[in-house]
Amino acid sequence: DTSVAPLIGLLTGGMPDGRWPPYASQILIELWSPAGGEKERGGGDRSLVRVIYNGRPVRVAGCTGADGQASEWCPFPQWERLATESNPEAVKAMCRDEAAHDDAKF
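Residue numbers for the sequence shown, in my numbering: 16 to 121.
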């Protein structure tokens, strides 16, 4: 599906099963928050984001677990950073600035 492929590709760094998304594919983005909105020590957010593609959790590119490996549970601060870096305006700015373009991760 032409509307799902770019988003899942961005989120996972490619097609999760290596094939074009089948007809009627879906992406769910879940936000899990601790009961009562608890914060980490130091005030950090303990919320997690999870991406479900066609009924199965997928590992989000750029989100790492405690073991340093890609994880299907993305700490919200990491998710927020990835979303900011993937913002079209940020990409446009990187393209205008050659120094930033050299460090871009496309």
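No residue lacks a Cβ here, since even glycine has one placed at the ideal position from N, Cα and C.
- Ranking A20, D60, I42, G24 by CA distance to the CA of P90 puts D60 first.
- By the Cβ-count criterion, I44 is exposed, with fewer than 16 other Cβ atoms from all chains shown falling within 10 Å of its own Cβ.
- From the listed residues A81, P49, L63, Y68, the smallest Cα separation to Y38 is found for Y68.
- Setting aside the 5 residues that flank it on each side, G77 is surrounded in the same chain by L97, each with a C-beta closer than 6 Å to its C-beta; the list follows chain order.
- Judged by DSSP in its simplified three-state form, A39 adopts coil rather than helix or strand.
- If you look at R96, you'll find it in the alpha helix (DSSP H) that goes 91-100.
- Linking R65 to T17 through their CA atoms gives a straight-line distance of about 22 Å.
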